[in-house]
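If you're matching positions, the sequence shown starts at 1227 in this note's numbering and goes up one per residue.
We treat Cβ as the ideally placed atom computed from N, Cα and C, and that holds for glycine.
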Amino acid sequence: MSAQRAEAPLGVFDSGIGGLTVVQAIAELLPDERIVYLGDTARVPYGNKSPETVARFARQDAAFLLGRGVKAVVVACNTATAFALPALEAALEVPVIGVLEPGVEAALGRTRNGRIGLIGTAGTIGSEAYQRAIAARRPGAHIVPRATPLLVPLVEEGWLEHPVTRQVLAEYLGPMLREDIDTLVLACTHYPLLKPALREVAGEGVALVDSATTCAAHVAGRLGALGLAAPPGGGCGIDIYLTDRPAQFERVARRFLTAPIKGIEVVALPE
Ligand code: DGL
């Protein structure tokens, strides 16, 4: 792999704003990487859409990033990873990294009793992609999945520690806590922001596995192994592309991302 490729930016996409949790984790771990982020804010959410539609959107998102000359594509969106990762891996000529595998590996590394809770959008949970990946690696694992669609709006509203949010979490997690899970996979871009509330509701005995930090560690390993890690001094802020500029974008985005933003531009995606 040429040094020139290593200097190319790293592409990251998500259905909207939430993938900035993954960008933040990558920027912290790999400060020399130039990151180009696409948030499909015109078509968010992906979590309640059909597999075919999410797969089509994901192809268009990836094509946009390739047009910006990225050296690898990180699929920050759990729903897009669940529905489209194998197809993207087959279609793209650059490495494609999703959030599922790092999260699953981390969960299996953390669990002691093999009882794993899983929360995500209706799409992610309904796809059974996480359940299949866990079962393939640990056939005896007891997986307790739950679609938790109310959590994304609560996070975007900024109700991270609001009593209503705690009540919703208690409702969602109650059944899986009664099944004695010792690990909970946060299979959604937004959920890392709920960690303090989740910790309170789930208790200290449950390990929280978030897809942002586990994915960032995986990105570091893959880029290093492929000779694609950026040379020192390359990173200088995140280029953000959006398919729509929602009101209050910056205010909400700042909850997810504290790394410097280089620019924000609204773009049309290739069909
Ligand atoms: N980014 C999505 C995910 O991680 C959550 C928001 C949405 O439904 O689009 O699954």
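Listed as beta-bridge partners of residue 1409 by DSSP are 1342 and 1433. Looking at the DSSP output, residue 1372 bridges to 1345.
Taking 7 Å as the cut-off, the C-beta of residue 1440 does not count as close to any heavy atom of ligand 1. Proximity of the beta carbon of residue 1240 to ligand 1 is indicated: a heavy atom of the ligand is located closer than 7 Å. When rounded, the separation of the alpha-carbon atoms in residue 1349 and residue 1257 is 32 Å.
Residue 1266 sits in coil when the DSSP states are folded into three classes, being neither helix nor strand. The continuous stretches of beta strand (DSSP E) do not include residue 1287, which lies in the alpha helix (DSSP H) extending over residues 1277-1293. Under the three-state reduction of DSSP, residue 1243 is assigned to coil, being neither helix nor strand.
A residue is called buried when at least 16 other Cβ atoms come within 10 angstroms of its Cβ; residue 1339 does not meet this threshold and is exposed. Shortest Cα-Cα distance from residue 1441 to any of 1322, 1313, 1270 and 1269 involves 1322.
Between residue 1433 and residue 1408 the beta-carbon gap is near 7 Å, inside 8 Å, which marks them as a contact.
Residue environment analysis places residue 1241 among the buried positions, since at least 16 neighbouring C-beta atoms fall within 10 angstroms of its C-beta. With 16 or more other CB atoms across the displayed protein chains lying within 10 angstroms of its CB, residue 1330 is buried. DSSP places residue 1468 inside the beta strand (DSSP E), whose first and last residues are 1464-1468. From the listed residues 1325, 1296 and 1298, the smallest Cα separation to residue 1310 is found for 1325.
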